[in-house]
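Last residue of the sequence shown? That's 149 in numbering that gives the first Met the number 0, and every number before it is there in order. Below: one structure, written as structure tokens.
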Amino acid sequence: MAEDVTIRAIKNGPAVELHRFAHQGELARALAENLKDLVLNERNASVALITLNQKKAKEYYDILYQMEIPGLRLIDDQNFSFTAGIDITDVTQVKGLEFDYVVLLDVDAVDYPENSYHQYLLHIGATRAAYQLWLMSYKEPSLLLPASMR
Numbered sequence: 000m001a002e003d004v005t006i007r008a009i010k011n012g013p014a015v016e017l018h019r020f021a022h023q024g025e026l027a028r029a030l031a032e033n034l035k036d037l038v039l040n041e042r043n044a045s046v047a048l049i050t051l052n053q054k055k056a057k058e059y060y061d062i063l064y065q066m067e068i069p070g071l072r073l074i075d076d077q078n079f080s081f082t083a084g085i086d087i088t089d090v091t092q093v094k095g096l097e098f099d100y101v102v103l104l105d106v107d108a109v110d111y112p113e114n115s116y117h118q119y120l121l122h123i124g125a126t127r128a129a130y131q132l133w134l135m136s137y138k139e140p141s142l143l144l145p146a147s148m149r
């Protein structure tokens, strides 16, 4: 009989970090600054900004559009172009897809309460990144995140 073996898959790239902010405006400014740098330095990168639902995706799209982020696209019905740029969408749209960079927005106790459904959604979002995953929140972090990250 085979013995139990635990396999741990590790992707190369920077460690996942939770970036916390005092309010949504501060989060949006930091996100915009980082996205502008990323687009400038990695023109061929695919970036996904993932929210819990489409309403929040549209809200962040409107905010970032006003900040003149290049290559910004709102995805609302699986209408991905699969080209370099920044797609803003909700977590239900991205299952099975992969992006170079993923930013999970509002990873807080309100959007991701401690239950199996939201744990599943958080898992879907967090596993879409090929290279780097950023978590951002301006509220109390979700209890689904490791204690060391909160």
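Just so you know, even glycine gets a beta-carbon here, dropped at the ideal spot from N, CA and C. No experiment lies behind these values; they were computed from the predicted model shown.
Item                                                                                                   : Value
Beta-carbon gap between Glu41 and Asp99 smaller than 9 Å                                               : yes
Whole-number beta carbon distance between Leu132 and Val101, since they are thought to touch under 8 Å : 5 Å
Proximity below 9 Å, CB of Arg127 to CB of Val106                                                      : no
Close Cβ partners of Gly156 (< 7 Å) along its chain, the five nearest in sequence each way excluded    : Outside the shown range of the chain (0 to 149) lies residue 156, about which nothing can therefore be said.
Three-way DSSP call (helix, strand, coil) for Arg72 in this model                                      : strand
Distance between Gln53 and Asp89 (C-alpha atoms, nearest Å)                                            : 5 Å
Enclosing alpha helix (DSSP H) for Glu58 [first to last residue]                                       : Gln53 to Gln65
Endpoints, the beta strand (DSSP E) within which Ser141 is located                                     : Neither: Ser141 is in no beta strand (DSSP E) and is coded neither H nor E.
Of the listed residues Ile68, Pro140, Ala83 and Pro69, nearest to Leu103 (C-alpha basis)               : Pro140
Range of the contiguous beta strand (DSSP E) that encloses Gln18                                       : The sequence shown places His at residue 18, not Gln. Glu16 to Arg19 is the extent of the beta strand (DSSP E) around His18.
Tyr130 (DSSP reduced to helix, strand or coil)                                                         : strand
Cβ contact (3+ pairs, closer than 8 Å) linking the segment 109 to 117 and the segment 57 to 74         : no
Candidates Ile49, Gly12, Ile62 and Ala56: closest to Leu134 by CA position                             : Ile49
Whole-angstrom distance between Leu96 and Asn78, CA atom to CA atom                                    : 12 Å
Collapsed DSSP secondary structure at Tyr137 in the structure displayed                                : coil
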